[in-house]
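Asks: My questions will all concern the structure given below.
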Amino acid sequence: MIRDIQRKIIELKQENDICILAHSYQAKEIVEIADITGDSYKLSVEAAKVSSKNIIMCGVHFMAETAKMLSPDKHVFLANPLAGCPMAEQMDAEMISAIKAKEPDRKVVCYINTTASLKEVCDVCVTSSSAVKIVKNMDAKRILFIPDCNLGAFVQKACPDKDIKLLQGGCPTHARVTKAELDEAKRLHPNALVLVHPECRPEVTEQADYAGSTSGIMDFAAKSDAKEFIIGTEISIAEHLQYRYPDKEFYVLSKDLICPNMKITTLMDVYKTCEGIGNNDGKAFEIQMSPEQIAKAKVCIDEMIRLGG
Ligand code: 13P
Ligand code: SF4
Numbered sequence: 409m410i411r412d413i414q415r416k417i418i419e420l421k422q423e424n425d426i427c428i429l430a431h432s433y434q435a436k437e438i439v440e441i442a443d444i445t446g447d448s449y450k451l452s453v454e455a456a457k458v459s460s461k462n463i464i465m466c467g468v469h470f471m472a473e474t475a476k477m478l479s480p481d482k483h484v485f486l487a488n489p490l491a492g493c494p495m496a497e498q499m500d501a502e503m504i505s506a507i508k509a510k511e512p513d514r515k516v517v518c519y520i521n522t523t524a525s526l527k528e529v530c531d532v533c534v535t536s537s538s539a540v541k542i543v544k545n546m547d548a549k550r551i552l553f554i555p556d557c558n559l560g561a562f563v564q565k566a567c568p569d570k571d572i573k574l575l576q577g578g579c580p581t582h583a584r585v586t587k588a589e590l591d592e593a594k595r596l597h598p599n600a601l602v603l604v605h606p607e608c609r610p611e612v613t614e615q616a617d618y619a620g621s622t623s624g625i626m627d628f629a630a631k632s633d634a635k636e637f638i639i640g641t642e643i644s645i646a647e648h649l650q651y652r653y654p655d656k657e658f659y660v661l662s663k664d665l666i667c668p669n670m671k672i673t674t675l676m677d678v679y680k681t682c683e684g685i686g687n688n689d690g691k692a693f694e695i696q697m698s699p700e701q702i703a704k705a706k707v708c709i710d711e712m713i714r715l716g717g
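Each residue of the sequence shown is one higher than the one before, counting from 409 in the numbering used here.
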């Protein structure tokens, strides 16, 4: 059944000039039919290079918005319109503009997990894989880092010469992991290396052997000579790694590391989106942004690519 749907999607992609981008947190059956898979940074960079007329994003809403900003002439669709990232909704442009008015010398660095309207008032965008490099490359010393205070604390530690102000925001999935869970996982698997995402709390990140983006974690596990790993990011990464490297063992740091927003997209959603594009019946969920909105919000994405490239 899954193979039949996948075959049909591959046919529809060719018929309708569709490129499928999938975040690495997506289920295996979606990753298998995707043209490009990766972390937020890779998806942003690759979105700008896509030549197909239509792009389907299998991920969350801000990722589809970013793809639209980078490929404004393409039709960009989100495979499931309900897939949003709660962190992206935690702060808005009004709130950040009020802080900027009080502290105009602070440059605003926003995580890519933000809405396009919030990006309009920010100076530079970052992803988890590029945040440290970009903040180091910025001339500014005084920074407001939003919305993830855990990623912000991770950047602060790596850039001690910068004055980084943080606000209380973050990923509900990663922030749920406790130091007690980490201690227990290490007790159960004393020979395993701990690889975590910097969206985890500082007391977890500080105890890890490696902290980095989704792709960073996957690359580290692929290249390492170690045989056992405790994976502190969305559960699908441990699953993908176990499938790819059957001679190594991957343990999930916490059973709560499931992002319900990333998991909402199904293979059937992808199929229906391909079909909707082919029928042009308005059933596929297309990202709509005015050229003015794109121009304003894209400034900080272009800065991300310039400083992080
Ligand atoms: P990366 O893709 O940058 O690793 O971020 C993970 C994430 O939480 C995406 O929402
Ligand atoms: Fe958002 Fe966290 Fe899910 Fe990533 S894992 S999409 S940051 S809620």
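Beta carbons are placed, not taken as given, at the ideal position from N, Cα and C, and that holds for glycine.
(1) Where A472 and K691 are concerned, what is the direct C-alpha to C-alpha distance, given to the nearest angstrom?
(2) Taking 7 Å as the cut-off, is the beta-carbon of P606 closer than that to any non-hydrogen atom of the ligand SF4?
(3) Are there any heavy atoms of the ligand 13P lying less than 7 Å away from the beta-carbon of N558, as far as the coordinates show?
(4) Going by DSSP, name the residue or residues bridged to D571.
(5) Could you tell me if the beta carbon of D447 falls within a distance shorter than 7 Å of some heavy atom in the ligand 13P?
(6) Let me make sure I understand the geometry here. Which of N424, A524 and L603 has the alpha-carbon closest to that of K476?
(7) Between the stretch 559–567 and the stretch 535–551, are three or more C-beta pairs nearer than 8 Å?
(8) Using 8 Å as the threshold, is the C-beta distance between L575 and I551 below it?
(9) In three-state terms, what does DSSP make of H597?
(10) Going by C-alpha to C-alpha distance, which of D627, S621, R652 and E657 sits closest to I638?
(11) So is the beta-carbon of N521 under 7 Å away from any non-hydrogen atom of the ligand 13P?
(12) Starting from the Cα of Q498, find the closest Cα among E642, F470, K515 and K508 and give me that residue.
(13) Cα separation between A593 and A496?
(14) Using the Cβ count rule (16 or more neighbours within 10 Å means buried), how would you classify I426?
(15) Let me check you understand the geometry: is the CB of C493 closer than 7 Å to at least one non-hydrogen atom of the ligand SF4?
(16) Check E642 in the structure and name its three-state DSSP category.
(17) Do V484 and I695 have their C-beta atoms within less than 8 Å of each other?
(18) What are the uninterrupted segments assigned as alpha helix (DSSP H) that are 4 or more residues long and contained completely in the stretch 509–536, given in chain order?
(19) Report the residue ranges of all alpha helix (DSSP H) runs contained in full by the stretch 460–496; include only those spanning at least 4 residues, in chain order.
(20) Does the distance between the C-beta of S621 and the nearest non-hydrogen atom of the ligand 13P fall short of 7 Å?
(21) Could you tell me the distance, in whole angstroms, from the CA atom of C493 to the CA atom of A600?
(22) Mind reading off the beta-carbon distance from I709 to S452? Whole number of angstroms is fine, and I expect it under 8 Å.
(23) If we call anything under 8 Å between Cβ atoms a contact, is T641 one with H605?
(24) Any idea what DSSP makes of T445, helix, strand or coil?
(25) DSSP three-state call for H431: helix, strand or coil?
(26) In terms of alpha-carbon separation, which member of V602, E636, R595 and V517 lies closest to K573?
(27) For I666, name the three-state secondary structure that DSSP assigns.
Replies: According to the structure shown:
(1) Translated into positions along the sequence shown, residue 472 becomes position 64. Translated into positions along the sequence shown, residue 691 becomes position 283. For A472 and K691, the gap between their C-alpha atoms comes out near 17 Å.
(2) Position 198 of the sequence shown, counting from 1, holds the residue named residue 606. No, the Cβ of P606 stays beyond 7 Å of every heavy atom of the ligand SF4.
(3) Start at 1 with the first residue of the sequence shown, and residue 558 comes out as number 150. Every heavy atom of the ligand 13P is 7 Å or more from the Cβ of N558, so no.
(4) The residue you call residue 571 lines up with position 163 of the sequence shown. In the DSSP assignment, the residues bridged to D571 are R550.
(5) Translated into positions along the sequence shown, residue 447 becomes position 39. Annotation for D447 indicates a beta carbon within 7 Å of some heavy atom of the ligand 13P.
(6) The residue you call residue 476 lines up with position 68 of the sequence shown. Of the listed residues, the one whose Cα sits closest to K476 is A524.
(7) Judged by Cβ distances under 8 Å, the stretch 559–567 makes contact with the stretch 535–551, as three or more pairs qualify.
(8) In the sequence shown, counting from the first residue as 1, residue 575 sits at position 167. In the sequence shown, counting from the first residue as 1, residue 551 sits at position 143. No Cβ-Cβ contact shorter than 8 Å links L575 with I551.
(9) Here residue 597 corresponds to residue number 189 of the sequence shown, with the count starting at 1. In the three-state scheme derived from DSSP, where H, G and I count as helix and E and B as strand, H597 is classed as coil.
(10) Residue mapping note: residue 638 aligns to position 230 of the sequence shown, counting from 1. Nearest option by C-alpha distance: E657.
(11) Mapped onto the sequence shown, residue 521 falls at position 113. Correct: N521 has its Cβ closer than 7 Å to the ligand 13P.
(12) Reading the sequence shown from its first residue, position 90 is the one you call residue 498. Residue F470 holds the alpha-carbon nearest to the alpha-carbon of Q498 among E642, F470, K515 and K508.
(13) For the purposes of this step, residue 593 is identified with residue 185 of the sequence shown, where counting begins at 1. For the purposes of this step, residue 496 is identified with residue 88 of the sequence shown, where counting begins at 1. Cα atoms of A593 and A496: separation of roughly 30 Å, rounded to the nearest angstrom.
(14) One-based indexing of the sequence shown puts residue 426 at position 18. When all chains shown are included, I426 counts as buried.
(15) Position 85 of the sequence shown, counted from the first residue, corresponds to residue 493. With a cutoff of 7 Å, C493 counts as near the ligand SF4, since its C-beta is closer than that to a heavy atom of the ligand.
(16) In the sequence shown, the residue the question calls residue 642 occupies position 234. Three-state result, E642: coil.
(17) In the sequence shown, residue 484 corresponds to position 76, counting from 1. In the sequence shown, residue 695 corresponds to position 287, counting from 1. Cβ distance < 8 Å, so V484 and I695 count as in contact.
(18) Annotation: the stretch 509–536 contains the following complete segments of the alpha helix (DSSP H) (minimum length 4 residues), in chain order: 524–527.
(19) Those alpha helix (DSSP H) runs which fall completely within the stretch 460–496 and span 4+ residues are 469–478.
(20) Walking along the sequence shown from the start, residue 621 turns up at place 213. The answer is yes for S621.
(21) Mapped onto the sequence shown, residue 493 falls at position 85. Mapped onto the sequence shown, residue 600 falls at position 192. Between C493 and A600, the C-alpha separation is close to 31 Å.
(22) As a first step, residue 709 is located in the sequence shown; it is residue number 301 there, counting from the start. As a first step, residue 452 is located in the sequence shown; it is residue number 44 there, counting from the start. Confirmed, Cβ separation roughly 7 Å.
(23) Here residue 641 is taken as the residue at index 233 of the sequence shown, counted from 1. Here residue 605 is taken as the residue at index 197 of the sequence shown, counted from 1. Yes, they are a contact pair.
(24) In the sequence shown, residue 445 corresponds to position 37, counting from 1. T445: strand per DSSP, three-state reduction.
(25) For the purposes of this step, residue 431 is taken as the residue at position 23 of the sequence shown. Of the three classes helix, strand and coil, the one that applies to H431 here is strand, per DSSP.
(26) As a position in the sequence shown, residue 573 is number 165, starting the count at 1. Checking every option, the nearest Cα to that of K573 belongs to V517.
(27) Sequence index remark: in the sequence shown, residue 666 carries index 258 (1-based). In the three-state scheme derived from DSSP, where H, G and I count as helix and E and B as strand, I666 is classed as coil.
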